[in-house]
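So the sequences go chain by chain: H and V.
The working numbering puts the first residue of the first sequence at 104, with every later residue one more than the last.
The working numbering puts the first residue of the second sequence at 2, with every later residue one more than the last.
Accompanying notes for the structure given below.
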Amino acid sequence: MKKTLKRWFPLFGLPTLAAFTVGFLVPFVVGLALSFCRFTTVSDARFVGLANYKSILGDGDFLHALWFTALFTLVSVVLINLLAFAVALPLTKGLRGTNLFRTVFFMPNLIGGIVLGYIWQLIFNGVLAMFGRTLTYSPVYGFWGLVILMCWQQVGYMMIIYIAGLQSIPGELYEAARIDGANPRQILFRITLPLSMPAITICTFLTLTNSFKLFDQNLALTAGQPSNKTQMLALNIYDTFYSRAGWEGVGQAKAVVFFVLVAGLALIQLYITRRREVQQ
Amino acid sequence: MKSRQASKRLKNGLFLVFFSVVSLAYLMPIGIVVINSFKRKAYINKYPFSLPTGRDFVGLENYRAGVEAIGFFEAFGWSLFITVGSVSLILLCTSMCAWYISRVKNRWTRAFYYLCVFSMVVPFQMVMYTLSKTADSLGLGNPLGITVVYLGFGAGLAVFLFAGFMRSVPLEIEEAAMIDGCSPPQTFFLIVLPILKPTMVSVGILETMWIWNDYLLPTLVLDQKKYKTIPMAIQYLKGGYGSIDWGLMMAMLVLAILPVILFYVACQKYIIKGVAAGAVKG
Numbered sequence: 104m105k106k107t108l109k110r111w112f113p114l115f116g117l118p119t120l121a122a123f124t125v126g127f128l129v130p131f132v133v134g135l136a137l138s139f140c141r142f143t144t145v146s147d148a149r150f151v152g153l154a155n156y157k158s159i160l161g162d163g164d165f166l167h168a169l170w171f172t173a174l175f176t177l178v179s180v181v182l183i184n185l186l187a188f189a190v191a192l193p194l195t196k197g198l199r200g201t202n203l204f205r206t207v208f209f210m211p212n213l214i215g216g217i218v219l220g221y222i223w224q225l226i227f228n229g230v231l232a233m234f235g236r237t238l239t240y241s242p243v244y245g246f247w248g249l250v251i252l253m254c255w256q257q258v259g260y261m262m263i264i265y266i267a268g269l270q271s272i273p274g275e276l277y278e279a280a281r282i283d284g285a286n287p288r289q290i291l292f293r294i295t296l297p298l299s300m301p302a303i304t305i306c307t308f309l310t311l312t313n314s315f316k317l318f319d320q321n322l323a324l325t326a327g328q329p330s331n332k333t334q335m336l337a338l339n340i341y342d343t344f345y346s347r348a349g350w351e352g353v354g355q356a357k358a359v360v361f362f363v364l365v366a367g368l369a370l371i372q373l374y375i376t377r378r379r380e381v382q383q
Numbered sequence: 002m003k004s005r006q007a008s009k010r011l012k013n014g015l016f017l018v019f020f021s022v023v024s025l026a027y028l029m030p031i032g033i034v035v036i037n038s039f040k041r042k043a044y045i046n047k048y049p050f051s052l053p054t055g056r057d058f059v060g061l062e063n064y065r066a067g068v069e070a071i072g073f074f075e076a077f078g079w080s081l082f083i084t085v086g087s088v089s090l091i092l093l094c095t096s097m098c099a100w101y102i103s104r105v106k107n108r109w110t111r112a113f114y115y116l117c118v119f120s121m122v123v124p125f126q127m128v129m130y131t132l133s134k135t136a137d138s139l140g141l142g143n144p145l146g147i148t149v150v151y152l153g154f155g156a157g158l159a160v161f162l163f164a165g166f167m168r169s170v171p172l173e174i175e176e177a178a179m180i181d182g183c184s185p186p187q188t189f190f191l192i193v194l195p196i197l198k199p200t201m202v203s204v205g206i207l208e209t210m211w212i213w214n215d216y217l218l219p220t221l222v223l224d225q226k227k228y229k230t231i232p233m234a235i236q237y238l239k240g241g242y243g244s245i246d247w248g249l250m251m252a253m254l255v256l257a258i259l260p261v262i263l264f265y266v267a268c269q270k271y272i273i274k275g276v277a278a279g280a281v282k283g
């Protein structure tokens with residue numbers, strides 16, 4: 104079978120491989136190479152070694168964006184996962200209305216980041232107007248605005264994954280624990296949480312990468328205002344490319360740093376949470 | 002026994018009330034946008050939480066002007082075309098590819114699989130500049146060409162999910178089909194494809210949610226003067242100087258959300274199941 108199938112590569116493998124090469128492989132390799140060059144178009148690139156990376160270190164906006172993004176990621180990962188798990192628990196008890204509530208909580212996930220950003224801009228500005236302020240008055244407002252927006256969007260999605268995880272825990276375990284006299288607290292920490300580790304791994308992975316890579320919501324909610332103080336890494340890179348002529352090389356170097364950070368964080372997180380997964 | 006039942010009923014009642022209130026609060030932001038879409042723009046920023054009454058009620062004027070200003074229906078058409086085209090292409094090509102690499106195991110197919118996994122952690126900013134230049138030089142900057150770009154950038158996740166599922170599909174059925182004289186395309190379309198259906202739904206939903214809402218990729222790849230998707234059209238309302246006509250914005254946000262909610266209500270069961278299944282395999 105393997106031999107017959109092998110001859111059919113042009114039909115089965117080639118279309119995806121060709122598109123993958125054009126849409127990912129070539130842009131990735133060329134992008135990596137261009138981060139060591141000075142250029143305005145791909146054809147006029149000149150090798151400059153690590154100069155682009157050096158100018159990142161002196162870029163205050165980028166370093167601020169790095170801290171802002173890191174802090175935002177930390178806060179939103181913790182909040183989203185706590186809330187999603189807390190909502191998932193009562194929604195697996197088979198009570199009335201459960202399906203309707205799940206449907207409602209999941210819904211914001213289908214709305215795109217740009218649209219979400221403008222919805223919440225209206226609401227935050229409406230609330231802050233009562234105190235004579237606007238959303239771009241202080242970066243603190245922008246920060247918490249983004250956190251609230253992210254929670255609203257992502258809690259439902261993570262809740263669905265947690266529910267699937269909770270429902271796969273066999274009921275006999277709970278029964279046995281109750282017969283042995285375990286209290287609800289012990290059941291949560293000794294049974295439910297350890298056996299939910301696969302779901303926790305996935306949810307922390309998704310929230311971590313989503314938050315760290317956030318772009319659309321950032322652009323639509325504050326666009327980095329006031330004075331780039333609510334700018335996250337992805338938006339900073341975009342601005343370096345498209346609103347500062349001659350900085351394409353630096354933008355590409357920032358993108359490489361960004362990629363290394365995202366990949367590194369994801370690997371560390373997977374390593375840590377995977378280790379805590381238990382076999383049933 | 003009786004008192005225990007009563008306390009259980011009380012608990013259920015409290016649960017119902019609490020979650021009903023939270024659900025209503027959860028839907029509030031959308032409700033507020035709908036209310037404001039009928040208001041004159043001067044009243045939106047100052048009093049976003051009041052109902053439109055008398056002088057500030059403008060009926061459908063915001064909708065009429067907004068649709069005209071950003072060409073909403075055209076954007077809707079392009080969004081639909083690009084999403085349906087890209088997702089169909091992704092489902093067809095990547096499922097075939099995943100079958101191929103799971104059945105023909107050698108150095109190359111294994112390397113390709115790991116490249117797919119690798120591509121999932123690469124953020125779009127890493128490739129956005131070079132991708133837009135590559136797409137431009139190959140003439141992919143139109144709604145048909147962008148489906149190829151989406152296939153390329155979305156292949157990683159799709160191949161990963163399909164290949165993961167393929168591992169649990171027994172080889173014997175396919176071998177029997179081939180011995181009975183099925184060619185590989187016949188085996189794939191008649192035997193393998195039907196087995197893949199649940200994974201198809203998962204992949205289809207995940208890719209649809211991504212492509213329909215994607216803003217940056219089409220902005221960089223498409224020729225913006227000719228083609229806009231819905232997220233691009235909404236962002237276009239912001240204009241060059243950052244001043245927004247909130248009346249038009251509210252109406253366009255409602256029109257952008259409406260098809261998504263209709264789609265969700267129609268396919269709710271599949272969406273929630275598909276997301277859960279897709280995540281567990283990931």
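Ideal Cβ positions, reconstructed from N, Cα and C, are used throughout, including at glycine.
This structure is a prediction, so every number in the text was calculated from the model and none was measured.
Check GLY283/V in the structure and name its three-state DSSP category. Bear in mind that the predicted position of GLY283/V carries a pLDDT of just 44, short of 50, making it too unreliable to give a figure here.
Using the rule of at least 16 other Cβ atoms within 10 Å of the residue's Cβ for burial, across every protein chain shown, is GLY152/H buried or exposed? exposed
For the region 57-69 of chain V, which residues have a beta carbon sitting closer than 9 Å to at least one beta carbon of chain H? none
Output needed for ALA306/H: all residues of its chain with C-beta closer than 7 Å, excluding positions within five of it in sequence on either side, in chain order. Note on residue identity: the sequence assigns Cys, not Ala, to residue 306/H. Cβ within range, chain order: ASN184, ALA187, MET261, ILE264, TYR265.
So with Cβ pairs under 7 Å, would you call TRP350/H a contact of chain V? no
Within chain V, partners of ARG205/H - CB distance below 8 Å: For ARG205/H, the chain V residues whose Cβ falls inside 8 Å of its Cβ are ILE273, in order along the chain.
Can you give me the C-alpha to C-alpha distance between LEU225/H and ALA99/V, rounded to a whole angstrom? 45 Å
Which residues in the same chain as THR312/H place their Cβ atom closer than 7 Å to its Cβ, once the five residues preceding and following it in sequence are excluded? VAL365, ALA369
Between which two residues does the alpha helix (DSSP H) holding ASN63/V run? Start and end: 62-71.
Tell me which residues share the same chain as GLY157/V and place their Cβ nearer than 6 Å to its Cβ, disregarding the 5 neighbours each side in the sequence. CYS117, SER120, MET121
Using 7 Å as the threshold, is the C-beta distance between TRP111/H and PRO185/V below it? yes
When the Cα of ASN321/H is compared with those of MET335/H, ASP147/H, GLU275/H, which residue comes out closest? For the residues MET335/H, ASP147/H, GLU275/H, the minimum Cα distance to ASN321/H belongs to MET335/H.
What is the C-beta distance between PHE209/H and GLY259/H, in whole angstroms, given that I count them as a contact (C-beta under 8 Å)? 4 Å
Mind listing the chain H neighbours of CYS94/V? Cutoff is C-beta to C-beta under 8 Å, in chain order. PRO118, THR119, ALA122
Report the CB separation of THR119/H from CYS94/V in whole angstroms; it is logged as a contact under 8 Å. 5 Å
Quick one: give me the first and last residue of the alpha helix (DSSP H) that MET179/V is part of. 172-180
Is CYS1/V close to chain H, meaning its C-beta is less than 7 Å from at least one C-beta of that chain? Any property of residue 1/V remains undetermined from this structure, which presents chain V solely from 2 to 283.
What residues of chain H sit near TRP79/V, judged by a beta carbon separation below 7 Å? Correct list: empty, because the minimum Cβ distance to chain H is about 15 Å.
DSSP three-state assignment for CYS140/H, whether helix, strand or coil: strand
On the three-state DSSP scale, how would you describe LYS40/V? strand
Let me make sure I understand the geometry here. Which of VAL160/V, LEU249/V, THR131/V, PRO171/V has the alpha-carbon closest to that of TYR345/H? Closest by alpha carbon: THR131/V.
How big is the Cα-Cα spacing for GLN372/H and PHE362/H? 15 Å
Which term fits GLY248/V, buried or exposed, when burial requires 16 or more other beta carbons within 10 angstroms of its beta carbon? buried
Taking 8 Å as the threshold, find out whether the region 209-217 of chain V comes into contact with the region 212-228 of chain H through three or more Cβ pairs. yes
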